[in-house]
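J.: Going down the list, the sequences are from chains A and B. Here the first sequence stands for residues 2 to 299, where the numbers follow our numbering. Here the second sequence stands for residues 37 to 239, where the numbers follow our numbering. Using N, Cα and C, we set each Cβ at its ideal position, and we do this for glycine too.
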Amino acid sequence: MRATVPRLITPPSDETPTYPYARVWRNFALQFGVLGAVTIALYVTDLLGLRLPRTLYLPAHVALALLPLGLWFLFSWLPERRSTEPRVGLETVLIVAALAASGAALPLIGSVFQVERWLPAADPVTRIVGFTVTLGALQEIVTYLVVRSLAWENWLRVRADALAYVGAAAVGYATVFALNEALNGASAPPAAAFAVFNWVALSFAPSFIVGYGLGEARLGTPTAFLLVLSVALAALIYGVTTTLRAALVNARLGLTVSAPSPLIGLAVDVGVLAATGLIVALLIVNSERRERERLLRG
Amino acid sequence: MTTPTLVEIGRQEEQGTLRQRWSHYFVLLYGLLCLIIAINLRDSTINATTNYSDVTSGIRAAYPMTWVIDSDGPYVFRVRDMARIGFKTSIVVDTQPVSLSTTTRNLVDALSLDRGNTLTGYRILEIDDAYTLPDDTPATAVTYTYVNVEVSPILQTLPSIVEGFDVIAIRQGQAVILSFLADASVFEEQRPVMDRFLESLEF
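In structure tokens:
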């Protein structure tokens, strides 16, 4: 008599495959969330009458300007180190973007564009076009050039990689501009915090679109115009946001008492970040779905 | 004897597709286009002018659009850059009836005597008797400096050094005195505004 050995079939696994890369959107959301919380906390403490002595304004401004950099290291760079497939060279992209901002963008704005001389007093349409073709285009071209020269060839594996690298470039760029304002401005810390959040929002929100354009151009098969359209749209968003924010935030001239509205400015910044982030996330999901379908079709 | 062969093992460089290369060219072209538009827009906005015309004094000129005009003082009109912090860069136009024997040099001396008594630290830096206006009218140009003290003590500002440039011309029994005043630190930077003003001047 032969004993029958039961045949065991391995049951299908319910485990979802582990995502090997660090989560870009979650990390960005944490950075913006903490920065926004610090900004509101400073605003509330100021309303309650808890104010720093003037001698501490400069150190406080510098600390606030460096806060986005610290948050990026905490919520983007460290999670990368813990992921299965970490993105390499993020800190290189950040440093090169900061150097480009300090060595090229700031001098170009100060000596060539001179926006302070002619844009604040111009009509709204001129301001939108002016900010788009000067500060907006400059920022997006610098971001594009840095990511194109460092990450394009070897470091863009999935579309989210492009976002991670433009995010690093945006942090470097925004930190230099925030530091420049912190060292030259004389405002109170809450106003400096709102300004820092504004720099971060203006650097990140348009750069998401450039990141989408770079990812698509590298990994997809879009039209040759997609990349330039993404850069142009990002610059336009910069121009519109800057003009709109200034119109809503600045105190109005009139017979009644008026004051700046920094909370409206914060709301505009958060709105632009959320809107561009959501649109780019949907576009990326759509692109990846179409690519999967194309691969399945053979 | 065989010669050693060197074998290099390296990463294969990706050249990118033609479409990718064109997309990069388009971005660079866009950057160049933005730079041209930005400089053009900046110049057209900064140099935008408004026309001024006064039939009584027979003067027509174009002054910077963002400057504020007033004609309430002892002059035909004055335009000032009110957006400037500190001393407001100004162009002052005045006329004065003169006799046939009066020369521009006489007017310069009279003005210098008057300013020496009214302005703090007034000093003439240069007098150019061979100056000509853009329409070839002979004139005398005077460059001078003085210390400007804010009248209002509430403003609590330090005195500033002002540099001035006067152009004095005589035509048909009337002298026209054109004064350009700016903080000494920005005088040279702002001087093209006066040059453009003189080019547009008709009297």
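Residues in the region 112–140 of chain A with C-beta within 9 Å of chain B's C-beta atoms, listed in sequence order?
T.: Val113, Phe114, Gln115, Val116, Arg118, Trp119, Leu120, Pro121, Ala122, Ala123, Thr127, Val130, Gly131, Thr133, Val134, Thr135, Gly137, Ala138 and Leu139
J.: With a floor of 4 residues, list each alpha helix (DSSP H) that falls wholly inside the region 216–263 of chain A, ordered by position along the chain.
T.: Counting whole runs of 4 or more residues, the region 216–263 of chain A contains the alpha helix (DSSP H) stretches 227–250.
J.: Would you say Pro261(A) faces chain B, with C-beta separation under 9 Å as the test?
T.: Indexing the first sequence from 1 puts residue 261(A) at position 260. No, no contact with chain B.
J.: DSSP beta-bridge partners for Gly200(B)?
T.: The sequence position of residue 200(B) within the second sequence is 164, counting from 1. Answer is Tyr180(B) and Leu217(B).
J.: By alpha-carbon positions, which one of Arg52(A), Leu49(A) and Leu59(A) ends up nearest to Ala182(A)?
T.: Translated into positions along the first sequence, residue 182(A) becomes position 181. Before going further, note that residue 182(A) is Glu rather than Ala in the sequence given. Here the closest residue by C-alpha is Leu59(A).
J.: So who's on the other strand from Val212(B), going by DSSP bridges?
T.: Here the question's residue 212(B) lines up with position 176 in the second sequence. Paired residues: Thr131(B) and Ala205(B).
J.: Does the beta carbon of Ser221(B) sit closer than 9 Å to a beta carbon anywhere in chain A?
T.: Numbered from its first residue, the second sequence carries residue 221(B) at position 185. Judged by the 9 Å Cβ criterion, Ser221(B) is not in contact with chain A.
J.: Using a C-beta cutoff of 9 Å, does Arg55(B) count as contacting chain A?
T.: Position 19 of the second sequence, counted from the first residue, corresponds to residue 55(B). For Arg55(B), the answer is yes, since a Cβ of chain A falls inside 9 Å of its Cβ.
J.: Check whether the Cβ atoms of Leu228(A) and Gly214(A) lie closer than 9 Å to each other.
T.: By one-based count along the first sequence, residue 228(A) stands at place 227. By one-based count along the first sequence, residue 214(A) stands at place 213. A contact, by the Cβ cut-off of 9 Å.
J.: Based on Cα-Cα distance, which residue from Asn184(B), Ile204(B) and Leu161(B) lies nearest to Ser196(B)?
T.: Start at 1 with the first residue of the second sequence, and residue 196(B) comes out as number 160. Cα-wise, what sits closest to Ser196(B) is Asn184(B).
J.: Taking Cβ positions only, does Ala152(A) come closer than 9 Å to chain B?
T.: To locate residue 152(A), count along the first sequence from 1; it is residue 151. By this cut-off, Ala152(A) is not an interface position.
J.: Give the C-beta separation of Ala106(A) and Cys70(B) to the nearest angstrom, bearing in mind that I take them to be a contact with Cβ-Cβ under 8 Å.
T.: Here the question's residue 106(A) lines up with position 105 in the first sequence. Here the question's residue 70(B) lines up with position 34 in the second sequence. Actually they do not touch by this definition, with Cβ atoms about 13 Å apart.
J.: Determine, using beta carbons only, whether Arg114(B) comes closer than 9 Å to chain A.
T.: As a working mapping, residue 114(B) is identified with position 78 in the second sequence. Against chain A, the CB of Arg114(B) has no partner CB under 9 Å away; the residue lies outside that interface.
J.: Taking only the alpha-carbon atoms, compute the straight-line gap between Met29(B) and Leu169(B) and give it to the nearest angstrom.
T.: Outside the shown range of chain B, which is 37 to 239, sits residue 29(B), and nothing can be said about it.
J.: Using 8 Å for Cβ pairs, my map puts Thr95(B) next to Val129(B). What's the rounded Cβ distance?
T.: Mapped onto the second sequence, residue 95(B) falls at position 59. Mapped onto the second sequence, residue 129(B) falls at position 93. Per the sequence shown, residue 95(B) should be read as Ile rather than Thr. Indeed, because the Cβ distance is near 6 Å, the residues count as touching under 8 Å.
J.: I'd like the span of the alpha helix (DSSP H) that includes Thr168(B), first residue to last.
T.: For this step, residue 168(B) is matched to residue 132 along the second sequence. It is not in any alpha helix (DSSP H) - Thr168(B) instead sits in the beta strand (DSSP E) that spans Thr156 to Thr168.
J.: Cβ of Met101(B) within 9 Å of Cβ of Thr125(B)?
T.: For the purposes of this step, residue 101(B) is identified with residue 65 of the second sequence, where counting begins at 1. For the purposes of this step, residue 125(B) is identified with residue 89 of the second sequence, where counting begins at 1. Cβ atoms of Met101(B) and Thr125(B): not closer than 9 Å.
J.: If you run the structure through DSSP and keep just helix, strand and coil, what is Asp90(B)?
T.: In the second sequence, residue 90(B) corresponds to position 54, counting from 1. Strand at Asp90(B).
J.: In its own chain, which residues sit with a C-beta less than 6 Å from the C-beta of Asn87(B), not counting the 5 before and 5 after it?
T.: The sequence position of residue 87(B) within the second sequence is 51, counting from 1. Cβ within range, chain order: Ala98.
J.: Would you report the Cα separation of Ser236(B) and Val232(A), rounded to the nearest angstrom?
T.: By 1-based counting over the second sequence, the position of residue 236(B) is 200. By 1-based counting over the first sequence, the position of residue 232(A) is 231. If I take the Cα positions, the gap works out to 41 Å.
J.: Taking only three categories from DSSP, how would you classify Glu154(A)?
T.: Reading the first sequence from its first residue, position 153 is the one you call residue 154(A). Coil at Glu154(A), not helix or strand.
J.: Looking at C-beta atoms only, is the number of pairs between the region 194–202 of chain A and the region 54–68 of chain A that lie closer than 8 Å three or more?
T.: yes
J.: Looking at Glu199(B) and Thr179(B), is the spacing between their C-beta atoms short of 9 Å?
T.: Here residue 179(B) is taken as the residue at index 143 of the second sequence, counted from 1. Here residue 199(B) is taken as the residue at index 163 of the second sequence, counted from 1. Going by C-beta atoms, Thr179(B) is nearer than 9 Å to Glu199(B).
J.: What residues of chain A sit near Ala74(B), judged by a beta carbon separation below 7 Å?
T.: Here residue 74(B) refers to the residue found at position 38 of the second sequence. Here the neighbours are Phe114, Val134 and Thr135.
J.: Excluding five sequence neighbours on each side, which residues of the same chain lie with their C-beta closer than 7 Å to the C-beta of Val147(A)?
T.: Against the first sequence, residue 147(A) aligns to sequence position 146. Cβ contact annotation for Val147(A) (same chain, cutoff 7 Å, sequence separation greater than five): Val94, Val97, Ala98, Ala101 and Ala170, in chain order.
J.: Interface residues of chain A around Ser59(B) at Cβ under 9 Å?
T.: Along the second sequence, read from residue 1 onward, the residue named residue 59(B) stands at position 23. Neighbours of Ser59(B) on chain A, chain order: Gly214, Ala218, Pro223, Thr224, Ala225, Phe226, Leu227, Leu228 and Val229.
J.: Give a yes or no on whether the C-beta atoms belonging to Gly278(A) and Phe29(A) are separated by under 9 Å.
T.: To locate residue 278(A), count along the first sequence from 1; it is residue 277. To locate residue 29(A), count along the first sequence from 1; it is residue 28. Yes, they are a contact pair.
J.: DSSP on Phe209(A), reduced to helix/strand/coil?
T.: For the purposes of this step, residue 209(A) is identified with residue 208 of the first sequence, where counting begins at 1. In this structure, Phe209(A) counts as helix in the three-state DSSP scheme.
J.: Which whole-angstrom value is the C-beta distance of Val89(A) and Trp156(A), which I expect to be below 8 Å?
T.: Stepping through the first sequence from its first residue, residue 89(A) is reached at position 88. Stepping through the first sequence from its first residue, residue 156(A) is reached at position 155. Correct: roughly 6 Å between the Cβ atoms.
J.: Grouping DSSP H, G and I as helix and E and B as strand, with all else coil, what is Ile105(B)?
T.: Numbered from 1 along the second sequence, position 69 holds the residue referred to as residue 105(B). Note: Ile105(B) maps to strand in three-state DSSP.
J.: For the putative contact between Thr135(A) and Val159(A), defined by C-beta atoms under 8 Å, what is the C-beta separation to the nearest angstrom?
T.: Taking the first residue of the first sequence as position 1, residue 135(A) is located at position 134. Taking the first residue of the first sequence as position 1, residue 159(A) is located at position 158. Wrong, their Cβ atoms sit about 33 Å apart, outside the cutoff.
J.: Can the beta-carbon of Thr131(B) be found closer than 9 Å to that of Gln210(B)?
T.: Taking the first residue of the second sequence as 1, we reach residue 131(B) at position 95. Taking the first residue of the second sequence as 1, we reach residue 210(B) at position 174. Yes; because the gap between Cβ atoms is below 9 Å, this pair is in contact.
J.: I'd like to know whether the C-beta atoms of Asp270(A) and Phe198(A) end up nearer to each other than 9 Å.
T.: Walking along the first sequence from the start, residue 270(A) turns up at place 269. Walking along the first sequence from the start, residue 198(A) turns up at place 197. Yes. Within cutoff.
J.: Whose C-alpha, out of Phe114(A), Arg295(A), Tyr145(A) and Ala165(A), is nearest the C-alpha of Pro80(A)?
T.: Taking the first residue of the first sequence as position 1, residue 80(A) is located at position 79. If we check each option's Cα against that of Pro80(A), Ala165(A) comes out closest.
J.: Out of Pro190(A), Tyr239(A) and Val250(A), point me to the one whose CA is closest to Thr56(A)'s CA.
T.: Position 55 of the first sequence holds residue 56(A). Measuring from the Cα of Thr56(A), the nearest candidate turns out to be Pro190(A).
J.: Indicate the three-state DSSP secondary structure (helix, strand or coil) for Arg141(B) in the structure shown.
T.: To locate residue 141(B), count along the second sequence from 1; it is residue 105. Of the three classes helix, strand and coil, the one that applies to Arg141(B) here is helix, per DSSP.
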